[in-house]
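In what follows, a single structure is set out as structure tokens and then discussed.
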Amino acid sequence: MSDMDWSTPEGLAAIRAHLAERLDGWTPPVAWAVGITPATSDPDVQFPHVNLPGGSHGLAAVVLASVLRHDGATATLDVSVDQLQAAVEGLEPAQACTTVEHPNLGAWRGLLTEARDNPARELVAVFVADLDDPVSSDADGEMRAGFEGLHPRA
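Residue numbers (UniProt numbering): 1 to 154.
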């Protein structure tokens with residue numbers, strides 16, 4: 001992929017499509033995030049950045065899904081520090097495109113620091129393929145509660 005154009009939105013879209021073709025059954029999620037359990041006994045997962053319905057951060061989603069070997073279906077997945085580091089490394093070349101923001105990179109780097117500083121904290125990825133899908137975990141419910149009412153329902 002080093003010969004692909006990471007410097008333009010069109011290039012990033014082509015890279016996203018290339019990666020998606022390599023993921024068996026890939027369906028882009030309508031919402032997704034990576035979160036971390038708190039350092040206290042509080043059960044709430046913290047999500048520094050949530051990719052909301054209607055968002056445009058599909059490259060980050062497919063990079064993360066590629067590392068996790070996930071098809072984008074509604075699910076909550078455990079994420080190791082090594083897996084999140086691999087996702088960061090896979091997405092870093094996208095910074096060459098300065099016309100779009102890269103909020104997932106910043107969030108993931110912060111999560112890596114927090115997880116390394118306190119190994120008792122656990123990382124999770126939440127993917128929501130369809131807003132009408134059943135909630136896959138407490139973390140999924142927390143994430144969805146953060147944007148409930150921000151999306152149209154049929």
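Even for Gly, the Cβ is constructed at its ideal location relative to N, Cα and C.
For residue 129 and residue 121, believed in contact at Cβ under 8 Å, the rounded distance: Residue numbering aside, residue 121 sits at position 121 when the sequence shown is read from its first letter. Residue numbering aside, residue 129 sits at position 129 when the sequence shown is read from its first letter. Contact between residue 121 and residue 129 does not hold, since their C-beta atoms are separated by about 27 Å, which reaches or exceeds 8 Å.
Rounded separation between residue 81 and residue 104 - CA only: Here residue 81 is taken as the residue at index 81 of the sequence shown, counted from 1. Here residue 104 is taken as the residue at index 104 of the sequence shown, counted from 1. Rounded to whole angstroms, residue 81 to residue 104 spans 15 Å at the Cα level.
Residues that DSSP places opposite residue 34 in a beta bridge: Your numbering for residue 34 matches position 34 in the sequence shown. Answer is 125, bridged to residue 34.
8 Å Cβ cutoff met for residue 27 and residue 73: One-based indexing of the sequence shown puts residue 27 at position 27. One-based indexing of the sequence shown puts residue 73 at position 73. At a Cβ-Cβ threshold of 8 Å, residue 27 and residue 73 count as neighbours.
Among 9, 46, 138, the one whose alpha carbon lies nearest that of residue 56: Translated into the one-based positions of the sequence shown, residue 56 becomes position 56. Residue 9 holds the alpha-carbon nearest to the alpha-carbon of residue 56 among 9, 46, 138.
Beta-ladder partner(s) of residue 50, from DSSP: Translated into positions along the sequence shown, residue 50 becomes position 50. DSSP, once it has assigned bridges, lists 33 as partnering residue 50.
Proximity of residue 76 and residue 137 at Cβ, strictly below 8 Å: Here the question's residue 76 lines up with position 76 in the sequence shown. Here the question's residue 137 lines up with position 137 in the sequence shown. Yes; because the gap between Cβ atoms is below 8 Å, this pair is in contact.
As assigned by DSSP and simplified to three states, the class of residue 135: The sequence position of residue 135 within the sequence shown is 135, counting from 1. Residue 135 sits in coil when the DSSP states are folded into three classes, being neither helix nor strand.
Burial state of residue 153 (16 or more Cβ within 10 Å): Along the sequence shown, one-based indexing puts residue 153 at 153. In this predicted model, residue 153 has a pLDDT of only 41, less than 50, meaning its place in the structure is not dependable; the value taken from the coordinates is given anyway. It is exposed - the Cβ of residue 153 has fewer than 16 other Cβ atoms within 10 Å.
Under the three-state DSSP convention, the category residue 77 falls into: By 1-based counting over the sequence shown, the position of residue 77 is 77. DSSP places residue 77 in strand when its eight states are reduced to three.
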